[in-house]
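Residue numbers (our numbering), protein chains in the order written: chain X, 1 to 92; chain G, 1001 to 1234.
We treat Cβ as the ideally placed atom computed from N, Cα and C, and that holds for glycine.
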Amino acid sequence: MKQLILSLALMGLASTANATCFADYKAKMDNPLRLHYGVIELPDSACSVGAAASNIAGRLTGGWQLLEVMSVFDEAGLDSRRDRAGQYYLRF
Amino acid sequence: MQDNTTSASESRITGTRVVQLGIVAVVAILAVAAFLLFSYLPDAGAFNDAVEEIFVVNDALTTTESIRILEILAQSGTTFSKVLASYRAIIFVLIVFATALLIACLVFLVTIITLNRRMHEIEKSGIQVASLVVSREEGVVYLNNMEFKLTAAAMETLSVLAEARMDDDVLSGAEIESMVSGKPASDCEEAAGATRIKRLRDTLGNQMVSELLVKNIARRGYMLAIDKDVIKMI
């Protein structure tokens, strides 16, 4: 029963449910300067701070430029970052 | 070897060269100053870069509110950078003004120096006649505001010479005599005209020297009417 609830909760996270690798990053947009902090899902092949940078930079759209990848973490770290990322939580 | 004489035209040529060099120097100095001013002014993106750096360095500033505050900071910086751009324009205009004023000052300075030299040379060259007024009724001639009394005959001679000068004519002694006496020139002798010239020179020269050099002080005697510093005995 407990496992069922957990899996339902994970399914609530849509397609990310199966991923085990996430990163949080900082990005900016120029003229006027806009900033955001976001959380993004990573494929297993790019699951490190160094490898994530090029992956994330390629996926950011709408004029956003990647400033910094802060850390790479698994599902356990998602909840604590959800509020801070706000609308950029798993957006790209 | 350099000539030990100078002339007014020579000093004018050196003056022109000084002006040219000076203008080039002034423009060069102010161009360098303008370049330094512009290169040291922060560019419009400086505030955005600073805010961006704050955002990257501080991991605590990742909440939505603090990011909003950082964005507002950057926007106020962008507004201020527009003010800086107008300062830049003002500085540029001021530099152009400064250049123009310095060039004008230089030109005036060199003009003053040149004029001073020419004045000095004119002072040394002796009496410069700036005006000659002949008043026939009063029998008086004014040379540079110095008044000289002439006899009727000397006045006639001077008038004839003055009229000839105005027509750019040169008169012989016989012609002078004929114009003063009214007889045809063929009947007049050269010596008569020469005598008239001699009398005119004597009376005018005598008065001029007594006015300029050898003064007569009534009931006391005579003295030189010059500054004692300019006298040199060799």
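- Burial state of T1151/G is exposed, judged by a 10 Å Cβ sphere holding fewer than 16 other Cβ atoms.
- One Cα belongs to S80/X, the other to Y88/X, and the distance between them is close to 14 angstroms.
- Across the stretch 1034-1059 of chain G, CB contacts with chain X closer than 7 angstroms involve N1048, V1051, E1052, F1055, V1056 and D1059, in sequence order along the chain.
- E1147/G has Y1142/G as its beta-bridge partners, per DSSP.
- Beyond the five residues adjoining it in sequence on each side, V1180/G comes within less than 7 angstroms, by CB distance, of E1156, T1157, V1160 and R1196 in the same chain, given in chain order.
- At the C-beta level, G1221/G and G1193/G stay beyond 7 angstroms of one another.
- Chain-order list of chain X residues neighbouring L1070/G: L33 and L35, by C-beta distance under 9 angstroms.
- Taking 4 residues as the shortest admissible run, the stretch 1134-1222 of chain G contains the following complete alpha helix (DSSP H) segments, listed from N- to C-terminal end: 1152-1166, 1173-1181 and 1190-1212.
- Only exposed fits N1216/G, as fewer than 16 other CB atoms lie within 10 angstroms of its CB.
- DSSP, reduced to helix, strand and coil, places K28/X within a strand of the structure shown.
- Comparing alpha-carbon positions, the option among S1178/G, L1102/G and K1149/G lying closest to R1201/G turns out to be K1149/G.
- DSSP places M70/X in the uninterrupted beta strand (DSSP E) bounded by Q65 to F73.
- The beta carbon of L1073/G is closer than 7 angstroms to those of V1051 in its chain, skipping five residues each way along the sequence.
- The C-beta distance from N55/X to L42/X rounds to 6 angstroms, short enough to fall under 8 angstroms.
- Taking every protein chain shown into account, the CB of A52/X has 16 or more other CB atoms within 10 angstroms, so this residue is buried.
- Taken through DSSP and simplified to helix, strand or coil, I1231/G comes out as coil.
- The beta-carbon of G63/X is placed no less than 7 angstroms from the nearest beta-carbon of chain G.
- For the stretch 1063-1097 of chain G, residues whose beta-carbon sits nearer than 7 angstroms to a beta-carbon of chain X comprise T1063, T1064, I1067, L1070, E1071, A1074, Q1075 and T1078.
- Approximately 5 angstroms separates the beta-carbon atoms of T1099/G and L1030/G; this is inside 8 angstroms, confirming the contact.
- Around the C-beta of D24/X, 16 or more other C-beta atoms lie within 10 Å, and the residue is accordingly described as buried.
- Taking a Cβ-Cβ threshold of 8 angstroms, the residues of chain G close to L67/X are E1052, F1055 and V1056, in chain order.
- Taking the Cα positions, P1184/G is about 9 angstroms away from E1177/G.
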